[in-house]
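First up is the structure itself, then whatever we jot down about it.
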Amino acid sequence: MLNHYETVFIITPVLSESQVKETVKKFRDFVTSNGGEIVHEDDWGLRKLAYPIQKKTTGFYHLIEFKSEGEFIKKLDIQYRRDERIIRFLTFRMDKHAVEYAEKRRSNK
Amino acid sequence: MAEEIRYLNPTKADVKRKKYCRFKKAGIKYVDYKDAEFLKKFLNEQGKILPRRLTGTSLKFQRKVGQAVKRARHLALLPFVTDMLK
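So the protein sequences, as listed, match chains A and B. When you line the first sequence up against the working numbering, it's residues 1 to 109, in that order. When you line the second sequence up against the working numbering, it's residues 1001 to 1086, in that order.
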C-alpha cells in the first residue's frame, strides 16, 4: 500500500547553483527509480537558518512530497546520510489531515 | 487576634474570560511544521513552547503543536533557544 510521505532537506550553501540542481535531481530520480511517485515538489531556495548548522547560517531548502512503499524510506535515509552535501533532512509520513492540508495549500497558492 | 485570610494562590479576578482551543474553534485539523509564523504564536520570547494553561489549547492539539515545533526546530525553521523579541 503506498503511503504518503513528505521530505525536506537542506543543502549546504557553499555549492554552486548547478551542484544544488544536480543534488536535487539525484534525489528526485532516486525516489522515482525506486517505485516512488512524486506528488509535489517545492524549492524554497536560499534561506537563513535559525541557528548555524556546521558553521553555516544559510541553506538551500527543498521539499519533495511523494508516495512510496514503507521500506523505501530506510534506503532514502541511508542516501541522505551518505551524501555530505545534505546538512539536514526530515522525512515524515503524512496522515489524512496532512494530505488534505497539502492539497488545500496547493489549490489556493 | 483576627486570623486574616490568606489565599493559597492570588485570586485571579481579571482572568474571567473562558479560554478556548483555537484549533477546535477554527476547525484546523493539522498543524503544519513548515509555517513558522503560525507556530511562533505558541512560543514565548525564549522560544520555549507555551503550556496549555496559557494558550488554552486542548491536549490533542497541544501534542500536535509540540511535535510540529520540534520538527521545525530540527529543520532550523525555529531556534531552540533565543531571546528573539516577538
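Beta carbons are placed, not taken as given, at the ideal position from N, Cα and C, and that holds for glycine. A quick note: this is a predicted structure, and the numbers were derived from the prediction, not measured.
- Using a CB distance cut-off of 7 Å, residue 1078(B) counts as an interface residue toward chain A.
- In terms of CA proximity to residue 1057(B), 1031(B) leads the group 1009(B), 1031(B), 1008(B) and 1084(B).
- Rounded to the nearest whole angstrom, the C-alpha separation of residue 1019(B) and residue 1025(B) is 11 Å.
- For residue 62(A), the closest alpha carbon among the candidates 95(A), 50(A) and 45(A) is that of 45(A).
- If the five residues before and after residue 80(A) are omitted, its C-beta is found closer than 6 Å to the C-beta atoms of 86 and 89, all from its own chain and listed in chain order.
- Note that the segment 71 to 78 of chain A does not touch the segment 14 to 21 of chain A; fewer than 3 beta-carbon pairs, one per stretch, sit closer than 8 Å.
- Taken atom to atom, the span from the alpha-carbon of residue 39(A) to that of residue 96(A) is near 15 Å.
- Rounded to whole angstroms, residue 11(A) and residue 59(A) show a C-alpha spacing of 6 Å.
- Here residue 22(A) is exposed. Its C-beta has fewer than 16 other C-beta atoms within 10 Å.
- With 16 or more other Cβ atoms from the protein chains shown falling within 10 Å of its own Cβ, residue 1069(B) counts as buried.
- Each of 1073(B), 1039(B) and 1045(B) was checked against the Cα of residue 1062(B), and the nearest Cα belongs to 1039(B).
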